[in-house]
Amino acid sequence: LRARQAAKPVITATQMLESMVHNRRPTRAEVSDVTNAILDGSDAVMLSGETAIGDYPVETVEMMARIARVAEGMGRNGHLVRMMQAAADTQAISLEDHVSLSMYLTAETMRPDLLFAVTATGGTARRLARFRLPGWLVAFSPDEATCQRLQFVSGIYTVHVPETPPSWADFARHWVQERQLDAGLGILTEGGGTLRSSGATRLEMIDLRHG
Numbered sequence: 051l052r053a054r055q056a057a058k059p060v061i062t063a064t065q066m067l068e069s070m071v072h073n074r075r076p077t078r079a080e081v082s083d084v085t086n087a088i089l090d091g092s093d094a095v096m097l098s099g100e101t102a103i104g105d106y107p108v109e110t111v112e113m114m115a116r117i118a119r120v121a122e123g124m125g126r127n128g129h130l131v132r133m134m135q136a137a138a139d140t141q142a143i144s145l146e147d148h149v150s151l152s153m154y155l156t157a158e159t160m161r162p163d164l165l166f167a168v169t170a171t172g173g174t175a176r177r178l179a180r181f182r183l184p185g186w187l188v189a190f191s192p193d194e195a196t197c198q199r200l201q202f203v204s205g206i207y208t209v210h211v212p213e214t215p216p217s218w219a220d221f222a223r224h225w226v227q228e229r230q231l232d233a234g235l236g237i238l239t240e241g242g243g244t245l246r247s248s249g250a251t252r253l254e255m256i257d258l259r260h261g
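By the working numbering, the letter at position 103 of the sequence shown is numbered 153, and the numbering carries on one by one without gaps.
Next comes the structure, spelled out in structure tokens:
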């Protein structure tokens, strides 16, 4: 929880489905361990020997994905949100944390189809993703290394954008339409660390079908 509060990605690994090295099904304890790792807020759960030397690598990955889908549907946000709201009430969090909390609460109310974050270093995207948003967060970044690092953060899809467009809202709309995604409402945030920003952080609602 402390890592999520600090917007640090967490990877849980080591012998998570070890029995599947030689068996098609995991033990009940292993299923419980993977489930709890996800409920505790892990961004990723990792396999090693199960797929490197195991007899059933494909089945193991499929099983891990099935467990993760079920666990993610259980909800894992309550305590973190309460902590952040209490800190916001006492002005004990940064402006960036205020913005990420506001975007999460807005997303919970508006239920957008997609969320977008423009981020140079990845900080804005990580702060948002820690809340396990109700939809995918698409992170636009001019830095390829940032895109690679964000691949390990839960719920983020990264897009490398080498040159800053005149309008990020128009860019997001075009990106969605070009891929023929069925998305109507989007929320975009642009942080102070992006190339064109003057230091302000803002939220913008986007009609992804028109404009």
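From the three backbone atoms N, C-alpha and C, an ideal C-beta is built for every residue, glycine too. Since we're looking at a predicted model, the values are computed, not measured.
Closest by C-alpha distance to A233, when choosing among E194, F190, F166: The residue given as residue 233 occupies position 183 in the sequence shown. Comparing Cα positions, the closest option is F166.
Simplified DSSP assignment, three categories, for Y106: Counted from its first residue, the sequence shown places residue 106 at position 56. Three-state result, Y106: coil.
Nonlocal neighbours in the same chain, by C-beta distance under 8 angstroms from V95, ignoring five residues either side: Position 45 of the sequence shown, counted from the first residue, corresponds to residue 95. Hits under 8 angstroms: I61, T62, A63, M66, V84, A87, I88, M114, A118.
Best match in F202, T169, V111 for proximity to W263 [C-alpha to C-alpha]: Because the chain spans 51 through 261 in this model, residue 263 falls outside it and cannot be assessed.
Within the segment 59-119, ranges of the alpha helix (DSSP H) (whole runs, at least 4 residues): List check, alpha helix (DSSP H) in window: 78-89, 99-102.
Three-way DSSP call (helix, strand, coil) for E158 in this model: Stepping through the sequence shown from its first residue, residue 158 is reached at position 108. Reduced to three states, the DSSP call for E158 is helix.
Pairwise C-alpha distance: D193 and D257: The residue given as residue 257 occupies position 207 in the sequence shown. The residue given as residue 193 occupies position 143 in the sequence shown. Annotation: D257 to D193 spans about 27 angstroms, alpha carbon to alpha carbon.
Three-state class that DSSP yields for T208 in the structure shown: Against the sequence shown, residue 208 aligns to sequence position 158. Reduced to three states, the DSSP call for T208 is strand.
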